[in-house]
Structures are given as C-alpha cells and as structure tokens.
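Working notes, structure below.
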DNA sequence: GCACTCTGCAACCATATGGTTGCACATGAG
DNA sequence: CTCATGTGCAACCATATGGTTGCAGAGTGC
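This is how it looks when you write it as structure tokens:
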C-alpha cells in the first residue's frame, strides 16, 4: 500500500509543480466545471497545451472530466488535494506516519 | 506578493514531485541532519544525483545546509512544507483565499 | 444540409530534467 | 606527512516535458 500511495502522492505533487497547471487548478478551484477551450481563453498558452495539462492533472487524480454535449467539462477533485495536504502535514511528524495517515 | 508567493509554491510542489526527492525529504523528515553521502548510502542513485536533488530542494526552500567540518549537513525546513500545506488547504475554498492565507 | 465550434490525434521542436562518469580540491584521521 | 573521505564542478547523455502547428472528426445551431 505504502508504495502505491507514495507514487500517487508524487504524481499529485508533480502535477502541481507547474505554473500553468497550478493556474488551471486555481480556475477550477472556483467550483465551476470548465472546458479546455474555456480555460485556454485568457491563458497565455494554446488550447492543446491546456488539454495536455488537463490530462496530467487527470492522471494524477486531481481532475475529472465529463462529456457535456460536444464539449468536455473538467472539474476539480478535492479528495486528492486533501490527500496531499495530509501527507505534507505528516512529514514533519515523521515519514512513516505520513504514509500511514493516508 | 501573490505572484512571488505563487512561484514559491510552484517550486515547492515541483521539488516534491519527484520520487527520489520525496524520499530524501522523507529521510530528513526524521529530524536528523544528513550529508549527501549519507543520504546516497542505501539510495539507488549516485551521490551526485542526490547532491543535485538537494540543490533543488534547497532552492525551493525545503532544505538548509550547514558546513560541519569537511562534510555538509542538510536539514529539513518545515516552514515551507507548512506553507504548501496551507496553500492546498485553501484551494478547495477558492483560489484567492489560498493565496491570501500565506 | 451547411457552417461553426469544440475536441482529439499526430508530428514536430527546443529545452529541461535526472542521471552518469571523471577529476580536482578540501579536510579530517593515522 | 600521507592517505582516505567528502565535496564540488564540469562534461556528457538519454529521455521527459511543455509547447507549437496542422488537420480530421464529432455535435450544435440555423
């Protein structure tokens, strides 16, 4: 379990460790599901770049998608954020405990 | 402020988004300051690889170093972890609030 | 049906990343 | 002094990463 969980946490941190992706998470953090096109409006990168980032975020479990007609809406998955938060919380209290808490 | 802080948070997440680095943080999380050589003992990578990772961690503010005779000891900086934790904590409650909390 | 919009895929590119080896330079131990 | 240890720097390498452009396909609106 610990190995699997640890990898998941790494993926989450990796996903958050990019400015563009963190900005996407921020926009989705408002609570409204958005399409890749909607997110790329106002962003300084292409829609395809945003799409790639959304894939990374989804692979990390931070985001889920839902087909809504012809567009695909992405929403934030708060659970994973919480997991990462708890993980960080535990590190200062000892590594093993950090993993056990999950 | 928000821009600067946001970048710092990205750096922290980026630093944690690598398995080797997360393992290093884990070992330092025990509370004992260790040298790069000590950390690389038992790790599956070279001392120089660990040294590079320690530099990344230090640039992110997650680690501090102290010259101790001929060796250099690295210790975990819990404050940055806490910052990242608080940041994550705030995202689900809204992006702006997340930045303000720092 | 037809045009428009949003999506998905593929090719491609420059640079960053993680890792290695090799060697020179301090510093502590004998 | 001499030798072993720990560090730092540089070159180098394969692959991952972040980004682009171009185009084909699926739904929607009229």
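Residue numbers (this note's numbering), protein chains in the order written: chain Y, 293 to 394; chain S, 293 to 394. The beta-carbon is built from N, C-alpha and C at its ideal position, and this holds for glycine as well.
Reference residue i; option with closest CA among the options
i              : options                           : result
residue 326(S) : 356(S), 303(S) and 370(S)         : 356(S)
residue 302(S) : 384(S), 364(S), 351(S) and 362(S) : 351(S)
residue 363(S) : 306(S), 343(S), 349(S) and 298(S) : 343(S)
residue 382(Y) : 382(S), 383(S) and 377(S)         : 377(S)
residue 299(S) : 297(Y), 300(Y), 299(Y) and 311(Y) : 311(Y)
residue 384(Y) : 309(S), 374(S), 379(S) and 385(S) : 374(S)
residue 359(S) : 317(S), 328(S) and 297(S)         : 328(S)
Counterpart residues of residue i in DSSP-defined beta bridges
i              : result
residue 359(S) : 364(S)
residue 327(S) : 365(S)
CB-CB length for residue i against residue j, believed under 8 angstroms
i              : j              : result
residue 313(S) : residue 336(S) : Rounded, the Cβ-Cβ distance is 13 angstroms, inconsistent with contact.
residue 348(Y) : residue 315(Y) : Actually they do not touch by this definition, with Cβ atoms about 13 angstroms apart.
residue 365(Y) : residue 304(Y) : Wrong, their Cβ atoms sit about 21 angstroms apart, outside the cutoff.
residue 309(Y) : residue 334(S) : The Cβ separation is near 26 angstroms, so there is no contact.
The stretch 367-378 of chain Y / the stretch 312-324 of chain Y touching (three or more Cβ pairs under 8 angstroms) | yes
Chain-ordered residues of the stretch 312-327 of chain Y with a beta carbon less than 7 angstroms from chain S | 314, 317, 318, 321 and 322
Check each residue of the stretch 328-358 of chain Y: if its Cβ is closer than 8 angstroms to any Cβ of chain S, include it; give the result in chain order.
-> none
Can you give me, in chain order, the residues of the stretch 360-382 of chain S that have a beta carbon less than 8 angstroms from any beta carbon in chain Y?
-> 368, 370, 373, 374, 376, 377, 380 and 381
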